[in-house]
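Written below as structure tokens is the structure these notes are about.
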Amino acid sequence: MAKKRKEIQEVANQISRRMLFVGGLQISFGLILVGRLYQLQILHSDAYLKLSDKNQFDHRLVMAPRGRILDSKNRLLAGNSEVFELIVIPARAQNLQKLLSNIDMIIGLSQEEIKDIIDIAKNQPDFLEISIKSDLTQRELSHLAIRSAILEGVLFQKNFNRIYPQGKLLSHVTGYVSGITANEIEQNRNLRRLVGLKTGKAGLEKTLDESLRGIVGEERIEVNSRGKPVRFISDRTPKQGSDSQLTIDIDIQSYAVDRLKQGNSEQVELSDSAVQEAITKNDALKAHINIGETMILKDSKSRYVPPETGAVVLMDVETGGVVAMVSSPAYDPNLFAGRLSNRAWQNINDHPRVPLLNRVVAGLYSPGSTFKMAVYAAALEAGVISSDTSYICNGFFEFGDRNFYCWQEKGHGKVNGRQAIAQSCDVYFYQIALKTGIDRIQNMANRMGLGIITDVGIPGEKLGIIPNRQWKKNNRGTVWTPGETVIAGIGQGFVLTTPIQLAVMAARIGNGRKAVKAKLLSDHAKNSDEFQSLNISGTVLKEIQRSMRSVVAGGRGTARNYDLKGYGMAGKTGTVQVKRISKAERDEGIIDNTDRRWKDRDHALFVAYAPYEKPKYAISVIVEHGGSGSSMAAPIARDILKFALDRQSI
């Protein structure tokens with residue numbers, strides 16, 4: 001019995017020891033847990049609160065509306081439309097391919113769009129947002145909201161689409177915006193966080209991108225366990241970009257566009273059966289229709305042809321404000337602001353007349369006879385001739401072993417400087433160019449604005465070439481020759497300028513005092529006091545002005561049929577060969593421009609200012625392969641000047 005009690009006691013003691021051990025473990029774990037909780041909740045509460053916030057909230061940047069671009073009368077050229085955008089965060093989508101298929105069933109996505117989204121997701125961190133569609137309709141938005149249960153990782157956000165209400169009218173001025181590129185992201189990694197951001201890619205949209213873009217806002221989105229938004233908290237409100245007002249007048253711009261495009265041809269109805277048949281057979285017409293062109297013309301030979309190609313610049317001779325800037329053909333910038341299809345891009349990019357080229361600042365052309373004012377002024381300033389100096393033109397100038405021909409086959413007879421400008425006698429300028437020398441000619445041309453970047457504010461502006469002896473040595477590695485001076489005397493050879501430089505030259509001659517610069521922003525054009533002196537003697541300038549007046553007012557002037565009645569105009573024609581004419585061709589008889597292939601026809605140029613007595617506007621017109629400067633470019637310039645001057649009294 002005693003033995004039995006002893007065994008029971010030992011078992012009880014053993015149990016007590018085990019219970020004590022277990023209790024000790026429990027107490028130890030309890031103390032550890034309490035200590036850890038103290039550490040988490042008291043000692044490191046701030047740090048873990050931040051971590052908790054990151055788990056609970058999505059932090060996002062909110063884009064600001066871009067600033068508007070306005071014309072001189074505050075009419076909208078580039079603005080914004082409020083839209084809803086559908087975006088996805090791949091990290092929150094269990095199966096991106098399946099998610100996109102679900103979205104396709106609801107609102108429709110092309111296979112190309114789905115592929116693009118998947119490619120983007122593969123090439124960037126999965127926590128970055130991707131835009132699926134940037135302009136949801138109300139119907140699409142409601143359908144997506146109803147089916148949100150099967151759309152994990154999808155968010156809706158308010159955004160802004162860039163709109164260009166004038167369409168193609170000012171595409172080369174405003175330029176366009178489009179989605180950020182890989183190169184832009186490489187330069188600024190923060191851009192990855194701005195889903196749907198569009199940056200300026202051309203025109204003023206690119207030049208003024210930083211000020212137009214504004215200041216982004218910030219917000220936190222509280223999400224549930226499935227990544228669905230529960231609450232939006234704004235930490236910083238976005239600030240809209242700055243507006244920019246231009247010197248452009250869209251009424252004058254619109255008239256200038258149509259007048260350049262029509263040239264001397266007759267506009268026909270696009271719906272006419274004969275026109276439709278011509279389009280099916282003519283690749284040039286098809287190419288224009290494919291970029292949204294609606295103007296088709298019938299030329300003097302009754303052929304259906306596309307609108308004219310070229311450029312117009314109209315500017316104020318006092319302020320430098322550019323009133324019209326036309327480059328034709330143009331494109332619709334609205335295409336780039338949305339999701340540009342491959343077909344639309346190919347139609348624009350492969351167009352034979354290059355609508356993406358801003359001919360005003362990046363088109364390089366031999367100035368032809370419009371350059372003769374610089375040559376004449378340089379010769380007068382150097383004292384190698386006077387205004388009375390005369391030469392006899394027999395139709396060619398023999399120099400060395402070569403004949404340099406005048407456009408007037410039988411010659412102009414005896415002409416002085418003013419008559420040579422009026423009649424555009426090449427032989428006169430061959431000879432005074434030789435007397436003056438290329439270095440003096442280059443110096444004068446630069447002072448008139450040729451071969452100088454205008455900094456008008458449009459990206460991609462070309463310098464052009466106004467050569468001298470040093471230029472030839474630096475760029476060709478050879479010595480300048482007298483024969484090259486001869487051909488430069490009529491604005492050909494190495495000489496290349498842009499339409500905006502030619503307009504600046506006309507403006508400086510018309511102004512007569514200041515080295516006027518071209519301006520597109522109205523606040524830059526308000527103060528003409530900033531312009532430096534033109535530094536050309538008044539006597540020389542007066543002779544140049546009178547000579548230009550005789551071009552349109554003289555009995556033998558090359559533009560005598562196109563004076564600006566009621567105002568008076570001073571101008572200069574230019575006709576530039578694009579294909580060298582051989583002696584054999586001259587002997588057989590030069591083929592008329594209208595009978596040549598379009599690409600073999602001469603360029604037509606005209607520069608002018610008006611009114612003659614109190615100049616207000618200067619203009620340059622270039623019609624590519626337009627033929628004669630006197631019959632094609634001069635009437636276009638006259639009509640645009642008249643339209644602009646008539647509007648002053650409205």
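Residue numbers are given in the working numbering: position 592 of the sequence shown equals residue 592, and the series is strictly consecutive. Note that beta-carbon positions come from the ideal geometry of N, C-alpha and C, so glycine has one too. Keep in mind that this is a model prediction, so the values were computed, not measured.
Could you tell me whether the Cβ atoms of residue i and residue j are closer together than 9 Å?
{"i": "Val-83", "j": "Pro-238", "result": "no"}
{"i": "Ser-630", "j": "Thr-575", "result": "yes"}
{"i": "Arg-66", "j": "Gly-214", "result": "yes"}
{"i": "Glu-659", "j": "Lys-298", "result": "Nothing in the structure corresponds to residue 659, since the chain is present only between 1 and 650."}
{"i": "Pro-499", "j": "Val-317", "result": "no"}
{"i": "Ile-248", "j": "Val-173", "result": "yes"}
{"i": "Leu-70", "j": "Pro-165", "result": "no"}
{"i": "Asn-416", "j": "Asp-388", "result": "yes"}
{"i": "Thr-436", "j": "Val-504", "result": "no"}
{"i": "Ile-640", "j": "Tyr-255", "result": "yes"}
{"i": "Ile-490", "j": "Met-448", "result": "no"}
With H, G and I counted as helix, E and B as strand and the rest as coil, what does DSSP make of residue i?
{"i": "Leu-380", "result": "helix"}
{"i": "Lys-642", "result": "helix"}
{"i": "Gln-245", "result": "strand"}
{"i": "Tyr-176", "result": "coil"}
{"i": "Arg-66", "result": "coil"}
{"i": "Tyr-292", "result": "Note that residue 292 corresponds to Gly in the displayed sequence, not to Tyr. Coil."}
{"i": "Asn-403", "result": "strand"}
{"i": "Gln-157", "result": "strand"}
{"i": "Phe-371", "result": "helix"}
{"i": "His-524", "result": "helix"}
{"i": "Gln-492", "result": "coil"}
{"i": "Phe-396", "result": "strand"}
{"i": "Arg-353", "result": "coil"}
{"i": "Leu-434", "result": "helix"}
{"i": "Glu-484", "result": "helix"}
{"i": "Asp-46", "result": "Residue placement at Asp-46 is flagged as unreliable, the pLDDT there being 48, under the threshold of 50; the coordinate-derived value follows with that caveat. Three-state DSSP puts Asp-46 in a helix."}
{"i": "Glu-461", "result": "coil"}
Looking at the secondary structure, which residues open and close the alpha helix (DSSP H) in which residue i lies?
{"i": "Met-325", "result": "Element bounds for Met-325: not the alpha helix (DSSP H) but the beta strand (DSSP E), 322-328."}
{"i": "Asn-505", "result": "The sequence given here has Met at residue 505, not Asn. Its alpha helix (DSSP H) spans residues 499-511."}
{"i": "Gly-571", "result": "Not the alpha helix (DSSP H): Gly-571 falls in the beta strand (DSSP E), residues 570-576."}
{"i": "Glu-624", "result": "Run containing Glu-624: none; DSSP gives neither H nor E here."}
{"i": "Ile-438", "result": "438-447"}
{"i": "Met-548", "result": "538-553"}
{"i": "Lys-281", "result": "273-281"}
{"i": "Ser-142", "result": "138-146"}
{"i": "Ile-107", "result": "96-107"}
{"i": "Thr-207", "result": "203-207"}
{"i": "Glu-113", "result": "111-122"}
{"i": "Glu-184", "result": "182-187"}
Cα-Cα, which of the options is closest to residue i?
{"i": "Pro-125", "options": "Phe-156, Val-88, Ser-171", "result": "Val-88"}
{"i": "Val-653", "options": "Val-552, Lys-410, Ala-344", "result": "A query on residue 653 cannot be resolved here, the shown segment of the chain reaching from 1 to 650 and no further."}
{"i": "Tyr-430", "options": "Leu-496, Leu-450, Glu-398, Arg-259", "result": "Glu-398"}
{"i": "Asp-529", "options": "Ile-536, Leu-100, Asn-511, Val-540", "result": "Asn-511"}
{"i": "Ile-106", "options": "Arg-92, Arg-139, Asn-80, Leu-96", "result": "Arg-139"}
{"i": "Ile-233", "options": "Arg-220, Asp-243, Ser-244", "result": "Arg-220"}
{"i": "Glu-186", "options": "Lys-158, Asn-123, Glu-85", "result": "Asn-123"}
{"i": "Gly-413", "options": "Gln-419, Asp-401, Tyr-405, Asn-394", "result": "Asn-394"}
{"i": "Ser-271", "options": "Gly-263, Ile-289, Lys-261", "result": "Ile-289"}
{"i": "Gln-470", "options": "Thr-485, Glu-269, Asp-439, Phe-396", "result": "Asp-439"}
{"i": "Ala-488", "options": "Pro-459, Gln-442, Arg-236", "result": "Gln-442"}
{"i": "Tyr-365", "options": "Gly-310, Gln-346, Ala-374, Arg-402", "result": "Gly-310"}
{"i": "Leu-141", "options": "Lys-115, Ser-131, Phe-156, Ala-149", "result": "Phe-156"}
{"i": "Asp-600", "options": "Val-607, Gly-627, Leu-96, Glu-613", "result": "Gly-627"}
{"i": "Thr-199", "options": "Gly-217, Ile-180, Val-216", "result": "Ile-180"}
So residue i and residue j are in contact, right, with Cβ under 8 Å, and what is the actual spacing, rounded?
{"i": "Ala-633", "j": "Ala-604", "result": "4 Å"}
{"i": "Lys-514", "j": "Met-548", "result": "Rounded, the Cβ-Cβ distance is 18 Å, inconsistent with contact."}
{"i": "Phe-336", "j": "Val-495", "result": "Rounded, the Cβ-Cβ distance is 35 Å, inconsistent with contact."}
{"i": "Lys-201", "j": "Ser-171", "result": "Wrong, their Cβ atoms sit about 12 Å apart, outside the cutoff."}
{"i": "Val-326", "j": "Gln-245", "result": "Not confirmed; about 20 Å, so no contact."}
{"i": "Glu-210", "j": "Tyr-176", "result": "Between Tyr-176 and Glu-210 the Cβ distance is about 17 Å, and since that is not below 8 Å, they are no contact."}
{"i": "Tyr-331", "j": "Lys-168", "result": "6 Å"}
{"i": "Lys-261", "j": "Pro-307", "result": "4 Å"}
{"i": "Asn-161", "j": "Ser-81", "result": "5 Å"}
{"i": "Ala-420", "j": "Gly-557", "result": "Going by Cβ atoms, the distance from Ala-420 to Gly-557 rounds to 11 Å, so no, they are not a contact pair."}
{"i": "Gln-577", "j": "Asp-595", "result": "With a Cβ gap of about 15 Å, Gln-577 and Asp-595 do not count as contacting."}
{"i": "Tyr-617", "j": "Met-315", "result": "7 Å"}
Looking at the unbroken beta strand (DSSP E) that takes in residue i, where does it start and where does it end?
{"i": "Asp-258", "result": "Premise fails: Asp-258 lies in the alpha helix (DSSP H), 250-262, not in any beta strand (DSSP E)."}
{"i": "Gln-267", "result": "266-268"}
{"i": "Gly-674", "result": "Outside the displayed range of the chain (1 to 650) lies residue 674, so it cannot be described from this structure."}
{"i": "Phe-84", "result": "76-88"}
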